[in-house]
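Note that the numbering used here has the sequence shown beginning at 358, numbered continuously upward.
Each remark here refers to the structure printed beneath this line.
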Amino acid sequence: MNLSPQAIKKQNIIFTSLRRYLQGDDLLQAMVIWQDKYAEKPGFSVRYFADDVAKLAGPHVKPKELVGHMVVALNTPKYPAEDATAALEQYRLRNGLNKESTLSTPELNAATVLLKKVADLTDPSIQRQIQMDVALAVSKAPIAPPLKTQILRWFDNSDYRFRAITFDIRDLRAVISLSYATYCDSLGPVKTDQLFAEALRRLESNGGAVYRDIFKQIM
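And the structure:
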């Protein structure tokens, strides 16, 4: 990936500074997110990047801690940064990320946040069965394997951490559509419309508004 010299310098500092929180592919995935979303943005938004990193690092790591750590590193003269260029190029090549791609964040995050909220609002007595029916429908659908595999893992374990993958946004729409259709089969279209509308309303009033534009893309 072609970056400006200034962006490469920041990249190497951030990469090195995050080694205390992430290792292996998790660290490389975080840096791919940085390259694709933040690298060339004026002022480089450490705050928003920290949210993405925290999702990979797990609940024991807080975004505020990450922000402080990265800011100190970026403002330390002659910070002993490791050159991450070769490792990132190899990771992109290995995972098919050298072409135009949709990263697992934020589109997958938006989709799963919505589906989780819908499930949370569903009557507990039928919630699990509907989730199983949705997963079965997705497993049978003509959705590209990289996306299907990760979505099915998430249905099995909502704490699953998504990897950076390439996928067609139409496949993600298909997941939402299949979920909606499955809820309609169980609850009827009127109840399902109310359920999805309430999920969106609650998300937008509790921080999910950041996904508003993405919801429009995937629904």
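Beta carbons are placed, not taken as given, at the ideal position from N, Cα and C, and that holds for glycine.
Check                                                                                               : Outcome
Exposure label - A388; buried when at least 16 CB within 10 Å                                       : The residue you asked about is not Ala; residue 388 is Met in the sequence shown. Per the 10 Å Cβ criterion, buried.
Start and end residues, alpha helix (DSSP H) containing E555                                        : 546-562
Collapsed DSSP secondary structure at I390 in the structure displayed                               : helix
Distance, K505 Cα to S536 Cα                                                                        : 13 Å
Sufficient close CB pairs (3 or more, under 8 Å) joining the stretch 359-370 to the stretch 380-396 : yes
Residues near K456 by beta carbon distance below 6 Å, same chain, minus five either side            : Any reading at K456 must be qualified, since the residue scores a pLDDT of 46, below 50, and its modelled position is unreliable; no value is offered.
Of the listed residues L529, T479, R558, L413, nearest to C541 (C-alpha basis)                      : T479
DSSP three-state assignment for P420, whether helix, strand or coil                                 : helix
Helix, strand or coil at Y448 according to DSSP, with G and I counted as helix                      : helix
Proximity to S361 [Cα-Cα], best of A467, I533, I508, T442                                           : T442
Status (buried if at least 16 other CB within 10 Å, exposed otherwise) for A396                     : buried
The stretch 484-504 in contact with the stretch 520-534 per 3-pair CB rule at 8 Å                   : yes
A556 beta carbon less than 7 Å from that of V475                                                    : yes
Straight-line gap, R376 to R449 (C-alpha atoms, nearest Å)                                          : 19 Å
Beta-carbon proximity list for Y436, same chain, < 6 Å, skipping 5 on both sides                    : I370, A430
Rounded distance between the beta-carbons of I500 and T539, thought under 8 Å                       : Contact doesn't hold; Cβ gap of about 14 Å is too wide.
Buried or exposed by the 16-neighbour rule on C-beta atoms within 10 Å, applied to Q386             : buried
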